[in-house]
Amino acid sequence: MRAPLGRSFWLLYSGETASAVGTAASVVGLPVVCLHLTGDVRQAGLTGTALSLGILAARLPAGAAADRYDRRTIMIVGDLLGAFVLGSLAVMLACSWAPAPVLMVAAALLGATGSTLAPAENAAVRSWVPEESLPQALSLLQARAAVALIIGPLAGGALLMLDAPWIFAADASTYLVAAVCLAAMGRGPRVEASAERGLRGAMAGLRFIARSPFLRYAAINATVVNLVFNGLLIVIVASVADGGGGEAGVGLQTAALGAGGLVGSLIAVPAAKRAAPAWGIATATALIAGSLFLFALLHSGWAAGVCLIAASATAPVITVLISVVQMRITPPELQGRVHSGVGFLAQTASPLGPVLAGASTHALGITHTVVIAACAVLSVAAAGLAAGVKAPLGLPAPHGPATPLESRCD
């Protein structure tokens, strides 16, 4: 019988789901508002760069903080900070005072806030959810990301049509909802604080990853897959324009990525339970490559959308398989730093995705660009199998399985 996830997990999940949808709306709204205010597409693009830089800058310190301080407190403070930043931005826009630098600072702070929340939430889930329920919990987190990718941009577009400040005011309110849900959970399980401080403490997660063949491969796999998916939007825009599909075609194919992620989150649990992690990751990665090869041949129309759904449906399976093993083999006092380390490595190349995709599409065309991307993904899948990377699941979790939060509250 499957162990229940518990009231505390559902409070955490509900609040952060609201926040994720709001953030997805703001991520769409920031460059659009910047473009309307400045008329310069380059400045609008810089808001995306600022968001990525905020994520990268905060990732490693956030992991160290998650292993040193109370994770629930970190998440509450992060949600309140997000509400303050977005609320302030809404007020400034309403007062017609929000130059491009302000929007970029807001984007960087929004990225840093999300990057701070991620390792704290991941480490908290590992501590608060029974070990046998980890695949289910991680699958739900993947489903949340997919739903946010679908609903957030739609809601953001509707609010932008109403009035630009409303999109950020609405997002600020979702952060407040998340903070209230976290406050209702009560104190979480105690984890002994790490004795390592400063840069050495922050780098401990990267050292742990370097010593684990499985986590090294997982970081490389995630880096390549993220790079390819980050460049797909540019390819979609180019392919739809080439086929005369217009903005509606871009929206439909982008929504296909979100729909595929939602499908993948549903199949991730049985996949995580039945497949050997390394074999499952390599197989799912190969399926992404196969879907991209088909997209390279079609790259327009409904068939291309089906290819995108198939490609994005396997990504949550990879994420869940990696996360389950990472949580099981990582000591509790390192959970935040190892999670942030894998995330940091996976995201270092992501900002290059759109740039490389745009340059390659311009020089080589859509078909050749997607084929190159598919070959890169396929090589990662083959490397994992050839190297015989295995998850050390024969070893027990260093500190035993986690127990439900309700049995460990003060």
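Numbering (our numbering), first residue to last: 1 to 410. All residues carry an ideal CB built from backbone N, CA and C; glycine is no exception.
- Query: Are the Cβ atoms of Leu257 and Ser312 separated by less than 8 Å?
  - Reply: Here residue 257 corresponds to residue number 257 of the sequence shown, with the count starting at 1. Here residue 312 corresponds to residue number 312 of the sequence shown, with the count starting at 1. In this structure, Ser312 lies closer than 8 Å to Leu257 by Cβ.
- How many angstroms separate the CA atom of Ala272 from the CA atom of Gly261? Numbered from 1 along the sequence shown, position 272 holds the residue referred to as residue 272. Numbered from 1 along the sequence shown, position 261 holds the residue referred to as residue 261. Spanning the two alpha carbons is a distance of roughly 16 Å.
- Task: Return the CA-CA distance between Thr403 and Val325, expressed in angstroms with no decimal places.
- Result: The residue labelled residue 403 in the question sits at position 403 within the sequence shown. The residue labelled residue 325 in the question sits at position 325 within the sequence shown. Residue placement at Thr403 is poorly supported in this model, since its pLDDT is 30, which falls under 50; the coordinates still yield a value, given next. Whole-angstrom Cα-Cα distance: 17 Å.
- Task: Look up Tyr13 in the DSSP assignment and say whether it is helix, strand or coil.
- Result: In the sequence shown, the residue the question calls residue 13 occupies position 13. The answer is helix: DSSP assigns Tyr13 an H, G or I state.
- Query: Short check: CB of Ser26 to CB of Asp163, under 8 Å?
  - Reply: The sequence position of residue 26 within the sequence shown is 26, counting from 1. The sequence position of residue 163 within the sequence shown is 163, counting from 1. No, the pair does not count as a contact, with Cβ atoms beyond the cut-off.
- Is it buried or exposed for Arg274, if we count other Cβ within 10 angstroms and need 16 for buried? By 1-based counting over the sequence shown, the position of residue 274 is 274. Per the 10 Å Cβ criterion, exposed.
- Query: Are there 16 or more other CB atoms within 10 angstroms of the CB of Glu16, so buried, or fewer, so exposed?
  - Reply: For the purposes of this step, residue 16 is taken as the residue at position 16 of the sequence shown. Flag for Glu16 reads buried.
- Query: For Met185, does the three-state DSSP call read helix, strand or coil?
  - Reply: Within the sequence shown, numbered from 1, the residue matching residue 185 stands at position 185. The answer is coil: DSSP assigns Met185 none of H, G, I, E or B.
- Query: Within 10 angstroms of its Cβ, does Glu121 collect 16 or more other Cβ (buried), or is it exposed?
  - Reply: Taking the first residue of the sequence shown as 1, we reach residue 121 at position 121. Buried.
- Task: Could you tell me which of Ser8, Thr330, Tyr69, Ala107 sits nearest to Ala210, measuring between CA atoms?
- Result: For the purposes of this step, residue 210 is taken as residue 210 along the sequence shown, with counting starting at 1. Of the listed residues, the one whose Cα sits closest to Ala210 is Thr330.
- Query: Leaving out five residues before and five after Glu247 in sequence, what residues of the same chain have Cβ atoms less than 8 Å from its Cβ?
  - Reply: Residue numbering aside, residue 247 sits at position 247 when the sequence shown is read from its first letter. Per-residue confidence for Glu247 stands at a pLDDT of 46, beneath the threshold of 50, marking its modelled position as unreliable; no derived number is given.
- Rounded straight-line distance, which links the Cα of Pro4 to that of Ser133: Along the sequence shown, read from residue 1 onward, the residue named residue 133 stands at position 133. Along the sequence shown, read from residue 1 onward, the residue named residue 4 stands at position 4. Using only the alpha carbons, I get a separation of about 7 Å.
- Would the beta-carbon of Ala155 fall within 8 Å of that of Val21? Along the sequence shown, read from residue 1 onward, the residue named residue 155 stands at position 155. Along the sequence shown, read from residue 1 onward, the residue named residue 21 stands at position 21. Yes. Within cutoff.
- Secondary structure of Thr348, DSSP reduced to three states: Counting from one through the sequence shown, the residue named residue 348 turns up at place 348. Here Thr348 sits in coil by DSSP.
- Less than 8 Å between the CB atoms is what I'm expecting for Arg59 and Ser340, so what's the real figure, rounded? For this step, residue 59 is matched to residue 59 along the sequence shown. For this step, residue 340 is matched to residue 340 along the sequence shown. Yes, Arg59 and Ser340 are in contact; Cβ-Cβ is about 5 Å, under 8 Å.
- Between Phe208 and Leu232, what straight-line distance do the alpha-carbon atoms span, to the nearest angstrom? Counted from its first residue, the sequence shown places residue 208 at position 208. Counted from its first residue, the sequence shown places residue 232 at position 232. Each residue's alpha carbon lies about 32 Å from the other.
- Message: Less than 8 Å between the beta carbons of Ala259 and Ile288, yes or no?
- Response: Stepping through the sequence shown from its first residue, residue 259 is reached at position 259. Stepping through the sequence shown from its first residue, residue 288 is reached at position 288. Their beta carbons are not under 8 Å apart, which means Ala259 does not touch Ile288 by this criterion.
- Message: If you reduce the DSSP assignment to three classes, tell me which class Gly111 lands in.
- Response: On the sequence shown, position 111 is the one that residue 111 refers to. In the structure shown, Gly111 falls within a helical segment according to DSSP collapsed to helix, strand and coil.
- Item | Coarse secondary structure for Trp97, derived from DSSP in three states | In the sequence shown, counting from the first residue as 1, residue 97 sits at position 97. In the structure shown, Trp97 sits in coil (DSSP, three-state: anything other than H, G, I, E or B).
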